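Chemist: This structure is in structure tokens; I'll ask about it shortly.
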Amino acid sequence: MIELSTERLLLRPMTAGDVEAHARITGDPEVMRWITGRPLSRTDAWWNVARYLGHWQLRGFGMWGLFERATGTLVGHVGFLEPDGDVGFELGWALARHAQGKGYALEACRAAIGHAVALGRDRIACVIDRGNERSLRLAERLGAVRTGRTTSRGADLLVYELRPTAHLQRDPDAPAPR
Numbered sequence: 024m025i026e027l028s029t030e031r032l033l034l035r036p037m038t039a040g041d042v043e044a045h046a047r048i049t050g051d052p053e054v055m056r057w058i059t060g061r062p063l064s065r066t067d068a069w070w071n072v073a074r075y076l077g078h079w080q081l082r083g084f085g086m087w088g089l090f091e092r093a094t095g096t097l098v099g100h101v102g103f104l105e106p107d108g109d110v111g112f113e114l115g116w117a118l119a120r121h122a123q124g125k126g127y128a129l130e131a132c133r134a135a136i137g138h139a140v141a142l143g144r145d146r147i148a149c150v151i152d153r154g155n156e157r158s159l160r161l162a163e164r165l166g167a168v169r170t171g172r173t174t175s176r177g178a179d180l181l182v183y184e185l186r187p188t189a190h191l192q193r194d195p196d197a198p199a200p201r
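This note's numbering puts the first residue of the sequence shown at 24, with every later residue one more than the last.
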């Protein structure tokens, strides 16, 4: 499993020791409003971490825990999922409420996109609830373009597509692939 770092963040797969912090983040109704529509129980948060780790084992990529380098604090997650029968290679993110508005999501997504290039990926999907204006703006800032719609759990979702090589050519601050 791969670790990435940025100026302020460490992206690493979560461990059993991160479950409590992850449960606090995903237990916040405001954080989960646009992802699941409800906060996760501690048990659901444990299963969420297990799913992320299993994805690394099955696909060779997955979600990273997002940690502040200065404090070691888990502040969210970012990374890729590609479940069978879904929209494909999808970039997702979520941040603890106290970590929002600091540019962490942009910084982490840029690092993740650099890793996608290293994996040889030429298409990244972002699936975002149409009401989630902050995530829609972030996807557009990353260079993603709206390509369609889908529904999941009764929610009307927008599908955005990002072509990472084109993104890196447009974004001089994007990290180089490792």
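All C-beta atoms, glycine included, are put in the ideal place defined by N, C-alpha and C. Small disclaimer: the values here were computed from a predicted structure and weren't measured.
My understanding is that G88 touches L97, with C-beta atoms under 8 Å, so please give their C-beta distance in whole angstroms.
Modeler: In the sequence shown, the residue the question calls residue 88 occupies position 65. In the sequence shown, the residue the question calls residue 97 occupies position 74. Right, their Cβ atoms sit about 5 Å apart.
Chemist: Spatial neighbours of W69 within its chain, please: C-beta separation below 6 Å, excluding the five flanking residues on both sides.
Modeler: Residue 69 sits at position 46 when you count from the first residue of the sequence shown. For W69, where only same-chain residues beyond five positions count, the Cβ hits under 6 Å are V42.
Chemist: Starting from H10 and walking both ways along the alpha helix (DSSP H), at which residues does that stretch end?
Modeler: No answer is possible for residue 10: the residues shown for the chain start at 24 and end at 201.
Chemist: Quick check on the burial criterion: 16 or more other C-beta atoms within 10 angstroms. Buried or exposed for G166?
Modeler: Working through the sequence shown from its first residue, we reach residue 166 at position 143. It is buried - the Cβ of G166 has at least 16 other Cβ atoms within 10 Å.
Chemist: Using the three-state DSSP reduction, which class does T170 fall into: helix, strand or coil?
Modeler: As a working mapping, residue 170 is identified with position 147 in the sequence shown. It is a strand residue.
Chemist: Would you decide whether P52 is buried or exposed? Buried here means 16 or more other CB atoms lie within 10 Å of its CB.
Modeler: By 1-based counting over the sequence shown, the position of residue 52 is 29. It is exposed - the Cβ of P52 has fewer than 16 other Cβ atoms within 10 Å.
Chemist: Comparing alpha-carbon positions, which option in R133, D67, N71 lies nearest P187?
Modeler: The residue you call residue 187 lines up with position 164 of the sequence shown. P187 has its Cα closest to that of R133, out of R133, D67, N71.
Chemist: Can you give the Cα-Cα distance for W57 and D67, rounded to whole angstroms?
Modeler: The sequence position of residue 57 within the sequence shown is 34, counting from 1. The sequence position of residue 67 within the sequence shown is 44, counting from 1. Each residue's Cα considered, the two are about 17 Å apart.
Chemist: Would you report the Cα separation of A122 and R61, rounded to the nearest angstrom?
Modeler: Your numbering for residue 122 matches position 99 in the sequence shown. Your numbering for residue 61 matches position 38 in the sequence shown. Distance between the alpha carbons of A122 and R61 is about 19 Å.
Chemist: Please report how far the alpha carbon of R146 lies from the alpha carbon of G111, in whole angstroms.
Modeler: The residue given as residue 146 occupies position 123 in the sequence shown. The residue given as residue 111 occupies position 88 in the sequence shown. Using only the alpha carbons, I get a separation of about 9 Å.
Chemist: Since R164 and L181 are thought to touch, with beta carbons under 8 Å apart, how far apart are those beta carbons, to the nearest angstrom?
Modeler: Taking the first residue of the sequence shown as position 1, residue 164 is located at position 141. Taking the first residue of the sequence shown as position 1, residue 181 is located at position 158. With 8 Å as the limit, R164 and L181 do not qualify as a contact, their Cβ atoms being about 15 Å apart.
Chemist: Do you know how far the Cα of L33 is from the Cα of G126?
Modeler: Position 103 of the sequence shown holds residue 126. Position 10 of the sequence shown holds residue 33. The straight-line gap from Cα to Cα measures roughly 14 Å.
Chemist: Unbroken beta strand (DSSP E) runs of length 3 or more, entirely within the region 88–123: which are they?
Modeler: Whole beta strand (DSSP E) segments, 3+ residues: 97–104, 113–118.
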